[in-house]
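In what follows, a structure is listed as structure tokens, so that the remarks can point back to it.
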Amino acid sequence: MTVKTEAPPVPAAMVRPPTDTKKQSWTGLWFVLPFVAFYALFLVWPTFLGLYYSFTDKSLTGRAASWIGLDNWFEAFGDERAWNALWNTAEFTLYSTPPLVVLSIVFALLVNRARRIGWFLRMAFFAPFVVPVSVVTMIWIWIYQPDGGLLNHYLELLGLQNADTNQIWVQGEGGVAMWSVVITTVWWTLGFNFLLYLAALQTIDPSVYEASSIDGANWWQQLWRITLPLLNRTTAMVIVLQLIASLRIFDQMYIMTGGGPNRESEVAIHYIYIAGFEGFRIGYASALSYVLFVLILIISIFQFRLFSRKED
Amino acid sequence: MPNHPSPPGPASSAVSRRALLTGTAAAAGLGLAGCGSLSGGLSDKTRVKQWNLLAGADGAIMTEMHGDFSAEHPDIDLEATTFGWGTPFYTRLVMGASSGNASDIATIHLSRLKSLSPATLMDPITESELNDHGVAAEDFADGVWEKSFAGGELYAIPLDTHALVNYYNRTVCEQAGVLNPDGTLLETDGVEAYFDLLRAVKDVTGEYGTSLDTFAGWRQFWAWYRQQEGEMTFGDGDYEIDDDKALTAIEIMYRMAEEGLCPTFADGGQCAANFEVGSAGLVQVGNWEINRFRAFNEAQGLDFSMTEMPSFFNGHRYTQGDCHAFVLPRHNTWDTGVREATLEYAAYMLHNSFRWGEGGGHTPAYLPVTESAEYQALQPNAEYSGVVENVQFDPDVWFSGSAARLFDEVGGVLNQVYALATTPEDALAQIKNRIETLLALPSPVD
Numbered sequence: 001m002t003v004k005t006e007a008p009p010v011p012a013a014m015v016r017p018p019t020d021t022k023k024q025s026w027t028g029l030w031f032v033l034p035f036v037a038f039y040a041l042f043l044v045w046p047t048f049l050g051l052y053y054s055f056t057d058k059s060l061t062g063r064a065a066s067w068i069g070l071d072n073w074f075e076a077f078g079d080e081r082a083w084n085a086l087w088n089t090a091e092f093t094l095y096s097t098p099p100l101v102v103l104s105i106v107f108a109l110l111v112n113r114a115r116r117i118g119w120f121l122r123m124a125f126f127a128p129f130v131v132p133v134s135v136v137t138m139i140w141i142w143i144y145q146p147d148g149g150l151l152n153h154y155l156e157l158l159g160l161q162n163a164d165t166n167q168i169w170v171q172g173e174g175g176v177a178m179w180s181v182v183i184t185t186v187w188w189t190l191g192f193n194f195l196l197y198l199a200a201l202q203t204i205d206p207s208v209y210e211a212s213s214i215d216g217a218n219w220w221q222q223l224w225r226i227t228l229p230l231l232n233r234t235t236a237m238v239i240v241l242q243l244i245a246s247l248r249i250f251d252q253m254y255i256m257t258g259g260g261p262n263r264e265s266e267v268a269i270h271y272i273y274i275a276g277f278e279g280f281r282i283g284y285a286s287a288l289s290y291v292l293f294v295l296i297l298i299i300s301i302f303q304f305r306l307f308s309r310k311e312d
Numbered sequence: 001m002p003n004h005p006s007p008p009g010p011a012s013s014a015v016s017r018r019a020l021l022t023g024t025a026a027a028a029g030l031g032l033a034g035c036g037s038l039s040g041g042l043s044d045k046t047r048v049k050q051w052n053l054l055a056g057a058d059g060a061i062m063t064e065m066h067g068d069f070s071a072e073h074p075d076i077d078l079e080a081t082t083f084g085w086g087t088p089f090y091t092r093l094v095m096g097a098s099s100g101n102a103s104d105i106a107t108i109h110l111s112r113l114k115s116l117s118p119a120t121l122m123d124p125i126t127e128s129e130l131n132d133h134g135v136a137a138e139d140f141a142d143g144v145w146e147k148s149f150a151g152g153e154l155y156a157i158p159l160d161t162h163a164l165v166n167y168y169n170r171t172v173c174e175q176a177g178v179l180n181p182d183g184t185l186l187e188t189d190g191v192e193a194y195f196d197l198l199r200a201v202k203d204v205t206g207e208y209g210t211s212l213d214t215f216a217g218w219r220q221f222w223a224w225y226r227q228q229e230g231e232m233t234f235g236d237g238d239y240e241i242d243d244d245k246a247l248t249a250i251e252i253m254y255r256m257a258e259e260g261l262c263p264t265f266a267d268g269g270q271c272a273a274n275f276e277v278g279s280a281g282l283v284q285v286g287n288w289e290i291n292r293f294r295a296f297n298e299a300q301g302l303d304f305s306m307t308e309m310p311s312f313f314n315g316h317r318y319t320q321g322d323c324h325a326f327v328l329p330r331h332n333t334w335d336t337g338v339r340e341a342t343l344e345y346a347a348y349m350l351h352n353s354f355r356w357g358e359g360g361g362h363t364p365a366y367l368p369v370t371e372s373a374e375y376q377a378l379q380p381n382a383e384y385s386g387v388v389e390n391v392q393f394d395p396d397v398w399f400s401g402s403a404a405r406l407f408d409e410v411g412g413v414l415n416q417v418y419a420l421a422t423t424p425e426d427a428l429a430q431i432k433n434r435i436e437t438l439l440a441l442p443s444p445v446d
């Protein structure tokens, strides 16, 4: 998907007369082939292999695997820890998706108005997204450090916290750890949604606003009656992408909290990782992966249905 | 991590389409050729790939030794890679070995040998091969040598013994009046005596008495549990733990944190930093941090020394520890030259392990080194040389050992004890519950 911050007008010269379509399609195939080969080898094939493994006791140690039917699946459905991990994933998704959608609209609206320093704000909001996860988590772990971390330091300066009873963040109980990661994630990935919204905002025809202001619409009315409805398609896409991304949470959580405290922030993929790579149980991990896969699939289908109905 | 497509970059008009296609094809070729036999074909050198987990301060010493090895062996191209300590490393090792494409040699913790399924994932080493390179069974202490075997086959070449030790800041401890006239730390007996020492140090630092890694609580737990002569044994789906002794060990942690004698939260980095900046006058951490503290001493000044763990029970100075060892991950095929070069490398590291002890703080497993007068006189190593006798290895079960699941799971619970978020009673119940869950899992190595 390409994102353009400006929509250049299409010059008439660029619209080519139709040529031999058959010849064109063959050329295209050669371009697609390397990707298709990789896609088949590294995505399609492992997907089916994983399904097969989920019916076996395949182990990473290389011992001969035997067919065990639905045992892994029964174990997965009865595994309290797996359900806890799924629930934590859902919790993370519920906490992280709304701010990642709402804040990106707000920032996009702000930047869209700020014509002069727009380039700077665009860069400022997008920059964190370019930073790799290892760096992001390292910075935030420092910020959250109970002793001498930036956050607690300022909380103390503001008199909100006593130096003797430092708040523990990334291992904090009662959802504190989860929220710490949510805040980090919002800071980190907001830029992408922001850019999508900004691009969409810039494609709205200014004459629509002009016409509405002649009719006496104020800024607020323009926002609710014109801007947001015209952003609907983008919102639908952003929510779908965001939900999928949030359901696949692993990296930040693994590095920052390691699933702690007391498994409060252990998410689905982390548990799959534990089962497969620490416990060597590839068969069981495959079954767990399929449970998550099916859940994401159901949510995605449900969402697409919901939004496409709205569009009609 | 959201797998969004990469952001649009500036269009690179300089790259021609042909150049781009050639590049892509070459890249695809590289990818398909697998984890490159490429550089092997480019020079006459025998290439030895080594994987290690020494991401800590001792890793710098290993890298230095590798430089020396390469200088002395111009015909061998040593390619060493350091992975994140713990699970990231072991995951990589196991996955590589299960396909037969891991490195030629790798470091492991000896406590993990059995859980790495040596029969299927490692290649055995013969003693005669080792003899050819000047290494023999007599060069190792019996206990360590026996641990290098699995199913009657030799799989590991022990490099060192390392353990939790007690570092002390001499400047701070002197002010607190807890040093002997010769500048060594006062020897204490019993929990209360040591707590008194910590209180005196805390009065000087104004923050903590001792620092420690609250994420690696298993190490402290095991040391204090074993000092009470507590046993933990695992049978078929069954296990034994001494509840009273375990609870006593956990209570020590809780009380220490409650009184502010140690931090309630400190990851590896902060654990060391507390000691460096003087927030704590002591730090209970592995001997491998010596290189880090020395570097800090050179940069900003830190007068420190090291001693064994304090004795809390029965006069024992038991500590938790492990051994680093070399293994040969399973190869689909061994090139004779590569295998020779690989063993030559391992032998070199043993023969030159004086540097490993001096710089990395580890006690070399190779006895000709540790028995040498030069090593015996080495400071501060001599001050904690007793750890080799006092080291307590983790219980014998497939999920135990350094960075294994027992270490992680128990450490996660104990982290909450230090944070004062879980009571010792609840923590013990949780630990037992987690052990039971681990026991219920099918063993991947039986």
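Top line first, the protein sequences correspond to chains A and B. Using full-length UniProt numbering, you'd call the opening residue of the first sequence number 1 and step up by one each time. Using full-length UniProt numbering, you'd call the opening residue of the second sequence number 1 and step up by one each time. Ideal Cβ placement from N, Cα and C applies to all residues, glycine included.
So which residues on chain B does residue i lean against when the C-beta distance must stay under 7 angstroms?
i         : result
GLN145(A) : GLN270
Just checking: is the beta-carbon of residue i within a distance shorter than 7 angstroms of some beta-carbon in chain B?
i         : result
PRO137(A) : According to the sequence as given, residue 137(A) is Thr; it is not Pro. For THR137(A), the answer is no, since every Cβ of chain B falls outside 7 angstroms of its Cβ.
GLY50(A)  : no
ASN162(A) : no
With residue i as the anchor, note down where its alpha helix (DSSP H) starts and where it stops.
i              : result
ASN52(B)       : No alpha helix (DSSP H) contains ASN52(B), which is instead part of the beta strand (DSSP E) from 46 to 52.
PHE48(A)       : 45 to 53
ALA295(B)      : 290 to 300
residue 340(A) : In the structure as shown, chain A starts at 1 and stops at 312, and residue 340(A) therefore has no counterpart that could be examined.
HIS351(B)      : 336 to 351
LEU186(B)      : Here LEU186(B) belongs to no alpha helix (DSSP H), and DSSP marks it neither H nor E.
Could you tell me which chain B residues have their CB closer than 8 angstroms to the CB of residue i, listed as they occur along the chain?
i         : result
GLN171(A) : PHE265, ASN415, GLN416, ALA419
Between which two residues does the beta strand (DSSP E) containing residue i stretch?
i         : result
THR210(B) : 210 to 212
ALA236(A) : Premise fails: ALA236(A) lies in the alpha helix (DSSP H), 232 to 247, not in any beta strand (DSSP E).
ASN72(A)  : No beta strand (DSSP E) contains ASN72(A), which is instead part of the alpha helix (DSSP H) from 71 to 78.
HIS324(B) : 319 to 327
GLU127(B) : GLU127(B) -> not in any beta strand (DSSP E); alpha helix (DSSP H) instead, spanning 127 to 132.
TYR168(B) : 156 to 169
ALA80(B)  : 76 to 82
ALA55(B)  : It is not in any beta strand (DSSP E) - ALA55(B) carries neither H nor E in the DSSP assignment.
For a contact meaning CB atoms closer than 9 angstroms, what does residue i contact in chain A?
i         : result
PRO444(B) : SER59, LEU60, THR61, ARG63, GLY279, PHE280, ARG281
ARG405(B) : ILE274, GLU278, GLY279
SER117(B) : SER59, LEU60, THR61, GLY62, ARG63, PHE280
LEU328(B) : Under the 9 angstroms cutoff, chain A gives no residues; its nearest Cβ is about 15 angstroms from LEU328(B).
For chain A, find out if any of its Cβ atoms is closer than 7 angstroms to the Cβ of residue i; answer yes or no.
i         : result
LEU121(B) : yes
SER98(B)  : yes
SER402(B) : no
THR333(B) : no
THR107(B) : no
THR91(B)  : yes
THR82(B)  : no
LEU30(B)  : A caution first: LEU30(B) carries a pLDDT of 42, below 50, which makes its placement in the model unreliable, though a value can still be read off. No - not a single Cβ of chain A is within 7 angstroms of the one on LEU30(B).
THR210(B) : no
Mind listing the chain A neighbours of residue i? Cutoff is C-beta to C-beta under 8 angstroms, in chain order.
i         : result
MET95(B)  : LEU60, PHE277
GLY206(B) : Result: empty, since nearest Cβ-Cβ is about 11 angstroms, beyond 8 angstroms.
GLY412(B) : GLY258, GLY259, GLY260, PRO261, ASN262, ARG263
LEU441(B) : GLY279, ARG281
Output, in chain order, the set of chain A residues within a Cβ distance shorter than 7 angstroms of residue i.
i         : result
THR248(B) : Going along chain A, no residue has its Cβ under 7 angstroms from THR248(B), so there is no contact; the nearest lies around 22 angstroms.
LEU53(B)  : Those do not exist, as LEU53(B) stays about 15 angstroms from chain A at its closest Cβ, beyond 7 angstroms.
Is it right to say residue i is buried, meaning 16 or more other beta carbons lie within 10 angstroms of its own, or is it exposed?
i         : result
ALA308(B) : It should be pointed out that residue 308(B) corresponds to Glu in this sequence rather than to Ala. Looking at its Cβ environment, which holds 16 or more other Cβ atoms inside 10 Å, GLU308(B) is buried.
LEU160(A) : exposed
GLU389(B) : exposed
GLU374(B) : exposed
ALA136(B) : exposed
ILE214(A) : exposed
ASP213(B) : buried
PRO98(A)  : exposed
SER128(B) : exposed
TYR52(A)  : exposed
Using a C-beta to C-beta distance shorter than 9 angstroms, which residues of chain B count as neighbours of residue i?
i         : result
ILE296(A) : Simply none; closest approach about 13 angstroms.
ILE168(A) : THR264, PHE265, ALA419, ALA421
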